[in-house]
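Some notes on the structure that comes next.
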Amino acid sequence: MAKKKTIVSLEGAVKTDAGLSYKGVVLEPVVEKCEGCERIVPFEDEKYCPTYAQPERKWAHGVCNFATHVRAEVDKTGKVKVNPLKASKRAARGR
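Under my numbering, the letters of the sequence shown match residues 2 to 96, in that order.
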């Protein structure tokens, strides 16, 4: 089955000094790292993310988990973390 894209509109939003007030939440404009994300919605002269109110905070500790344009890096070293206690028990049983 194909996924349907739902288009989010910010109908009923009001621009304030603090940001964009939408359904009781104040949205801040998106940051540069958000460019290219499918969730961005333009409103008047700025772009906003209806999924998360403070996009800058979402990027503060790495990649935003809502970002559709960035994929998480997978560790491809092939090394598996082994619990030393379990490894010693397996060795004692002869596995």
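Glycine is no exception: its CB is placed at the ideal position from the N, C-alpha and C atoms.
Reference residue i, options the options, closest by Cα
i, options, result
"GLN55", "GLU29, GLU45, THR78, ALA61", "GLU29"
"TYR53", "LYS82, TYR23, LYS90", "TYR23"
"VAL9", "GLY79, CYS50, GLU45, VAL15", "CYS50"
"VAL15", "LYS87, SER89, GLU47, GLU39", "GLU47"
"GLU45", "LYS80, ARG94, THR17, ALA92", "THR17"
Where the alpha helix (DSSP H) through residue i begins and ends
i, result
"LEU28", "Premise fails: LEU28 lies in the beta strand (DSSP E), 26-28, not in any alpha helix (DSSP H)."
"LYS90", "85-94"
Where the beta strand (DSSP E) through residue i begins and ends
i, result
"LEU21", "21-23"
| What are the start and end residues of each continuous alpha helix (DSSP H) run of 4 or more residues lying completely inside the region 43-81, in chain order? | Here the runs fully enclosed are 56-59.
| the region 27-41 / the region 61-74 touching (three or more Cβ pairs under 8 Å) | The region 27-41, when compared against the region 61-74, does touch it at the 8 Å Cβ threshold.
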